[in-house]
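Colleague: In this note's numbering, the protein residues as written are 1398 to 1546.
Just so it is clear, CB atoms sit at the ideal spot from N, CA and C, and this is done for glycine as well.
For clarity, every value in this text was computed on a predicted model and none was experimentally measured.
1) Look up residue 1531 in the DSSP assignment and say whether it is helix, strand or coil.
2) Is it true that the CB of residue 1533 sits closer than 8 angstroms to the CB of residue 1518?
3) Can you give the Cα-Cα distance for residue 1477 and residue 1510, rounded to whole angstroms?
4) Between 1433, 1463, 1482, 1442, which lies nearest to residue 1454 when the distance is taken from Cα to Cα?
5) Indicate the three-state DSSP secondary structure (helix, strand or coil) for residue 1492 in the structure shown.
6) Name the DSSP beta bridge partners of residue 1469, please?
7) Between the Cα of residue 1439 and those of 1456, 1415, 1525, spot the shortest distance and give me the residue it belongs to.
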């Protein structure tokens, strides 16, 4: 498997003046580093953080976000469930960019993340330097599945 992987698809979203980011990460040390990396006045703002699945789902109910940066292995719950819920909460024309940032960068985990609705899959150890560029320039490529009749 290469470094950062993008799920193939078309474009849905469009950038706003300042991208609102929900950071879902259970490591306090890494969270601080990511907030520093992803904070740029007028361009990027980490407007909420969550360390557990339940906190993340609550944050998704309370506000809307342009970008979700999601760890898969959380202190309680998992990021895949958060991704699925986020895709259900947002209307098709307002889907957030969802970037997975994980230490579990296997093909199996990647495939589950893409199936749940992730747009990008990054390995924390190899790809963290790519994160800011993706958050600044990326768009959601997710399209809702077509129901079968």
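Modeller: Inspection of the coordinates gives the following:
1) In this structure, residue 1531 counts as helix in the three-state DSSP scheme.
2) Contact flag unset, no.
3) In this structure, the straight-line span from the alpha carbon of residue 1477 to that of residue 1510 is close to 6 angstroms.
4) Closest option to residue 1454, Cα to Cα, is 1482.
5) Correct three-state label for residue 1492: coil.
6) Per DSSP, none; premise fails for residue 1469.
7) Checked all of 1456, 1415, 1525; the closest Cα to residue 1439 is 1415.
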